[in-house]
Amino acid sequence: MNINLDPSRDDLPLMANTSHILVKHYVLDLDVNFESQIIEGTIVLFFDSGNKFRKKSSSTEETCRPESNEACKFRMLEPCHISVTNTRTFSSKMGYNDFAICGKGEKDTSGKDGNHDNWKLASEISSSKYCCDTGNHGSEDFLLVLDCCDLSVLKVEEVDVAAVPGIEKFTRSPKLTVVSELRNQIVRELVTLPADRWREQLDCYARCSQAPGCGELLFDTDTWSLQIRKTGAQTAPDFPHAIRILYRTKPQGRSVTWTSDQSGRCVGVCGHVEYPCRFQNASAATQEIIPHRVFAPVCLKHTCQETLLRLIPPCLSAAHSVLGTHPFSRLDVLIVPANFPSLGMASPHIVFLSQSTLTGRSHLCGTRLCHEIAHSWFGLAIGARDWTEEWLSEGFATHLEDVFWAKAQQLAPSEAQEQQELRAVLRWRRLQDEVRNSPEEMQVLRPNKEKTGHVSDSGSSLIKHGLNPEKVFMQVHYLKGYFLLRFLARKLGDDTYFSFLRKFVHTFHGQLILSQDFLQMLLENIPEEKRLELSVESIFRDWLESSGIPQPLQTERQAGAECVLVRQVGVEVAKWNRMNRRPRKRKRKEKEVLEKLLPDQLVLLLEHLLEQKTLNPRTLRSLERTYHLPQQDAEVHTGPYSRATCVLHALKQRSHFSKVLKCLPRWFFSLQCLFLSTFLSRLVSRTPGFESSVCQALELWSPQTAHRISSSCSVCQQLEGGP
Numbered sequence: 016m017n018i019n020l021d022p023s024r025d026d027l028p029l030m031a032n033t034s035h036i037l038v039k040h041y042v043l044d045l046d047v048n049f050e051s052q053i054i055e056g057t058i059v060l061f062f063d064s065g066n067k068f069r070k071k072s073s074s075t076e077e078t079c080r081p082e083s084n085e086a087c088k089f090r091m092l093e094p095c096h097i098s099v100t101n102t103r104t105f106s107s108k109m110g111y112n113d114f115a116i117c118g119k120g121e122k123d124t125s126g127k128d129g130n131h132d133n134w135k136l137a138s139e140i141s142s143s144k145y146c147c148d149t150g151n152h153g154s155e156d157f158l159l160v161l162d163c164c165d166l167s168v169l170k171v172e173e174v175d176v177a178a179v180p181g182i183e184k185f186t187r188s189p190k191l192t193v194v195s196e197l198r199n200q201i202v203r204e205l206v207t208l209p210a211d212r213w214r215e216q217l218d219c220y221a222r223c224s225q226a227p228g229c230g231e232l233l234f235d236t237d238t239w240s241l242q243i244r245k246t247g248a249q250t251a252p253d254f255p256h257a258i259r260i261l262y263r264t265k266p267q268g269r270s271v272t273w274t275s276d277q278s279g280r281c282v283g284v285c286g287h288v289e290y291p292c293r294f295q296n297a298s299a300a301t302q303e304i305i306p307h308r309v310f311a312p313v314c315l316k317h318t319c320q321e322t323l324l325r326l327i328p329p330c331l332s333a334a335h336s337v338l339g340t341h342p343f344s345r346l347d348v349l350i351v352p353a354n355f356p357s358l359g360m361a362s363p364h365i366v367f368l369s370q371s372t373l374t375g376r377s378h379l380c381g382t383r384l385c386h387e388i389a390h391s392w393f394g395l396a397i398g399a400r401d402w403t404e405e406w407l408s409e410g411f412a413t414h415l416e417d418v419f420w421a422k423a424q425q426l427a428p429s430e431a432q433e434q435q436e437l438r439a440v441l442r443w444r445r446l447q448d449e450v451r452n453s454p455e456e457m458q459v460l461r462p463n464k465e466k467t468g469h470v471s472d473s474g475s476s477l478i479k480h481g482l483n484p485e486k487v488f489m490q491v492h493y494l495k496g497y498f499l500l501r502f503l504a505r506k507l508g509d510d511t512y513f514s515f516l517r518k519f520v521h522t523f524h525g526q527l528i529l530s531q532d533f534l535q536m537l538l539e540n541i542p543e544e545k546r547l548e549l550s551v552e553s554i555f556r557d558w559l560e561s562s563g564i565p566q567p568l569q570t571e572r573q574a575g576a577e578c579v580l581v582r583q584v585g586v587e588v589a590k591w592n593r594m595n596r597r598p599r600k601r602k603r604k605e606k607e608v609l610e611k612l613l614p615d616q617l618v619l620l621l622e623h624l625l626e627q628k629t630l631n632p633r634t635l636r637s638l639e640r641t642y643h644l645p646q647q648d649a650e651v652h653t654g655p656y657s658r659a660t661c662v663l664h665a666l667k668q669r670s671h672f673s674k675v676l677k678c679l680p681r682w683f684f685s686l687q688c689l690f691l692s693t694f695l696s697r698l699v700s701r702t703p704g705f706e707s708s709v710c711q712a713l714e715l716w717s718p719q720t721a722h723r724i725s726s727s728c729s730v731c732q733q734l735e736g737g738p
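16 is the number of the first residue of the sequence shown in this note's numbering; add one for each residue after it.
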């Protein structure tokens with residue numbers, strides 16, 4: 016099983032034999048040492064080897080029916096509880112530089128209704144060397160395989176759950192004499208408890224995780240997996256159903272990423288939680304606004320109170336009006352530093368939101384919050400069975416963020432349509448840039464085609480392009496997924512489409528799906544006259560299995576008339592172009608009257624102006640004064656096009672390029688590669704002899720950044736003589 020892959024080209028292997036045995040719950044007990052950047056401790060895994068968890072040929076057979084509590088459970092990793100026991104290295108108490116804001120009129124319901132301070136940590140346990148002599152124990156023993164990366168495993172042992180006081184109630188047959196069978200029966204009963212007994216279940220998990228060990232297990236490791244066996248356990252049902260793994264992370268490993276918070280303190284990122292099924296709860300179905308809190312550093316307290324906390328209730332209410340029951344019983348929003356890898360990230364019960372979204376007006380904060388709230392349904396309550404089908408999460412969240420945000424602002428239908436069309440224009444431009452500046456094979460939303468969702472007999476599989484560093488910069492699954500869903504909603508009509516979407520959520524919540532599950536149910540639930548020659552095969556061909564711009568989208572964008580908001584931007588662009596061409600001395604009567612623009616209009620304006628051959632310094636200063644660029648939100652103020660426009664003139668002189676580039680803020684080099692690629696290509700095309708100084712200046716600013724950009728940016732590859 017020793018697989019050595021080239022991380023720059025190859026796919027990511029998932030080695031876990033999930034078809035044979037499945038992790039149903041895990042409990043963590045960790046020490047965190049921030050000085051050495053090492054997390055060390057134990058994880059207790061609880062397994063189920065029942066046949067009901069075997070992958071089926073079509074996930075359409077795995078619908079979640081109200082009468083079946085078991086069907087409402089995730090077929091994924093289960094909740095965990097972190098108990099940090101080393102008080103020297105970490106304190107669970109809130110520091111004086113931290114604060115929490117509870118939603119107005121809401122009570123903190125931690126510990127109630129399924130809300131627990133759990134973190135997400137995948138069952139990725141590994142080491143890079145042999146840690147015990149497994150010897151030749153024969154091929155008859157069952158082998159448990161867990162996915163892993165860059166962890167050092169110190170010990171693996173079976174957990175004696177039978178020693179837990181009161182646990183005997185989970186034994187169906189008290190006459191069992193084989194202790195190992197008794198332990199496995201206890202775990203089987205525990206993991207299959209119905210959803211309405213979740214409190215009892217979590218309590219038993221916690222007590223069982225503290226049970227003593229009852230024998231070490233043999234284990235072996237390779238690059239991508241940890242393999243565990245027990246001598247004499249020949250099948251998955253015979254293998255211990257509760258094991259404890261002692262391990263530690265590596266400071267430079269890929270299992271945990273270390274960064275700094277707003278106060279410069281070192282923090283590690285890891286974290287998942289299951290939830291009781293709320294879709295069958297009548298009271299939950301009518302709860303428009305779930306309890307919510309905001310956690311942020313004290314320096315951002317006022318901003319969060321004035322902006323973010325006021326946005327959460329209308330955004331939650333808007334989401335409920337579109338999709339119905341909130342999958343989770345509360346929402347915590349954690350403000351993370353500006354150097355967080357993205358503007359936001361969603362997990363059960365919690366949303367991580369970059370502090371960059373808090374600057375300027377509420378537009379970016381609101382849209383990003385809506386995007387992450389949408390992930391509660393698409394990405395968390397419903398997940399993609401095949402990791403390559405990211406559009407099932409990001410495409411839905413991108414499409415729904417516009418719908419939620421329009422309702423949160425209480426816009427009239429015509430006004431909402433105008434703003435959504437404006438955002439469609441911006442995304443259309445980004446998709447065109449993406450297609451021009453990325454490899455064709457990475458523009459496909461369903462790269463495995465008919466093999467999508469297929470796994471080996473053991474349950475292992477490959478994630479297409481999962482190790483390609485360029486994939487981190489790609490937005491194609493956001494953009495093409497968004498345009499596909501927008502295309503379907505326009506074809507069917509919003510009322511028909513969103514009525515179906517609510518039905519789809521109630522059918523598939525708590526499950527992993529494939530593209531065909533969504534498309535087949537969609538076409539089966541709409542009248543024949545509204546299908547308009549749509550079929551699963553045609554959607555696969557035109558949208559999901561082809562690179563480049565989908566032909567239906569090309570046709571739609573070419574035939575579509577510009578909306579009023581876009582035309583207003585065109586008028587303003589013409590005014591700025593006239594001002595840019597005028598001589599310095601001009602008559603006062605020639606002064607242009609500039610209109611106030613929405614944030615998205617301003618982004619579009621700046622993009623158009625960047626396409627001009629030259630912008631004189633007077634025009635740049637006037638732009639900054641007119642639109643108050645320093646006070647705009649992150650999408651404008653620190654966005655690629657506005658900042659690039661402001662430094663464009665200075666960069667035209669080759670001798671000044673290195674000096675200016677070193678003065679740029681670090682956010683500039685954390686931009687999506689497609690933006691930076693577009694920016695550099697425009698500079699190179701306009702400035703003869705400019706090529707050789709680009710990568711040189713990047714190297715002066717940050718060698719690490721230069722290497723990352725040059726390895727993933729098509730423009731830099733061309734400058735270095737690449738393809």
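Ideal Cβ positions, reconstructed from N, Cα and C, are used throughout, including at glycine.
- Look at the beta carbons and you see the region 315 to 322 not touching the region 335 to 345: under three pairs across the two are nearer than 8 Å.
- Non-local beta-carbon contacts of Cys229 in its own chain, meaning distances under 6 Å to residues more than five positions away in sequence, involve Glu173, Asp175 in chain order.
- Residue range 307 to 312 is occupied by the beta strand (DSSP E) that includes Pro312.
- When rounded, the separation of the alpha-carbon atoms in Asn296 and Thr236 is 44 Å.
- If you check the CB distance, Arg259 and Ser298 do not come in under 9 Å.
- Assignment of Ala399 by DSSP, reduced to helix, strand and coil, places it in the strand class.
- Here Thr413 has Tyr493, Tyr497 as same chain residues with Cβ atoms under 6 Å from its own Cβ, once five neighbours each way along the sequence are excluded.
- At a Cβ-Cβ threshold of 9 Å, His378 and Leu613 count as neighbours.
- In this structure the region 46 to 65 touches the region 241 to 259; the number of beta carbon pairs closer than 8 Å is three or more.
- Under the rule that a run must span 3 or more residues, the beta strand (DSSP E) segments found entirely inside the region 420 to 492 read 476 to 478.
- One Cα belongs to Ser344, the other to Pro363, and the distance between them is close to 9 Å.
- For Asn48, the uninterrupted beta strand (DSSP E) segment begins and ends at 37 to 48.
- Looking from the CA of Val366, the closest CA among Arg400, Glu215, Ile327 belongs to Ile327.
- Pro306 and Gln249 have their C-alpha atoms spaced approximately 48 Å apart.
- About 6 Å separates the CB atoms of Ala178 and Pro227; that is less than 8 Å, so the two are in contact.
- Pairing Val491 with Cys578 gives a Cβ-Cβ distance that is not under 9 Å.
- Going by C-alpha positions, Gly359 is about 40 Å away from Leu232.
- In the structure shown, the three-state DSSP call for Val608 is coil.
- Per the Cβ contact rule, the region 498 to 505 is in contact with the region 402 to 421 (3 or more Cβ pairs under 8 Å).
- Of the residues Val313, Lys245, Val202, Val193, the one whose Cα lies closest to the Cα of Asp156 is Lys245.
- Boundaries of the alpha helix (DSSP H) harbouring Asp509: 509 to 523, taken from the DSSP string.
- Taking a 10 Å sphere around the C-beta of Cys314, we find fewer than 16 other C-beta atoms and assign the residue as exposed.
- If one requires a minimum length of 4 residues, the alpha helix (DSSP H) runs lying completely within the region 617 to 656 are 632 to 642, 649 to 652, in chain order.
- The beta carbon of Asn32 is closer than 8 Å to those of Leu158, Leu159, Val160, Ser473, Gly474, Ser475 in its chain, skipping five residues each way along the sequence.
- In the structure shown, the three-state DSSP call for Gln526 is strand.
- Contact annotation, Glu204 with Phe185: C-beta distance approximately 4 Å; criterion of less than 8 Å satisfied.
- Counting of Cβ neighbours within 10 angstroms places Lys422 among the buried residues, the total reaching 16 or more.
- Per DSSP, Glu571 is one residue of the alpha helix (DSSP H) stretching across 566 to 574.
- Exclusion of the five residues before and after Ser332 leaves Glu303, Ile304 as the residues of its chain whose Cβ lies within less than 7 Å of its Cβ.
- Rounded to whole angstroms, the separation of the alpha carbons of Trp443 and Asn595 is 27 Å.
- Residues of the same chain with a CB within less than 7 Å of the CB of Phe555, apart from the 5 flanking positions on each side, are Arg461 in chain order.
- A residue is called buried when at least 16 other Cβ atoms come within 10 angstroms of its Cβ; Ala576 does not meet this threshold and is exposed.
- DSSP places Cys229 within a strand segment (E or B) once states are collapsed to three.
- Judged by DSSP secondary structure, Gln242 falls within the beta strand (DSSP E) whose first and last residues are 240 to 244.
- As the crow flies, the alpha-carbon of Ala504 is around 15 Å from that of Ser550.
- Closest in C-alpha terms to Thr629, from the list Asn592, Trp558, Gln573, comes Asn592.
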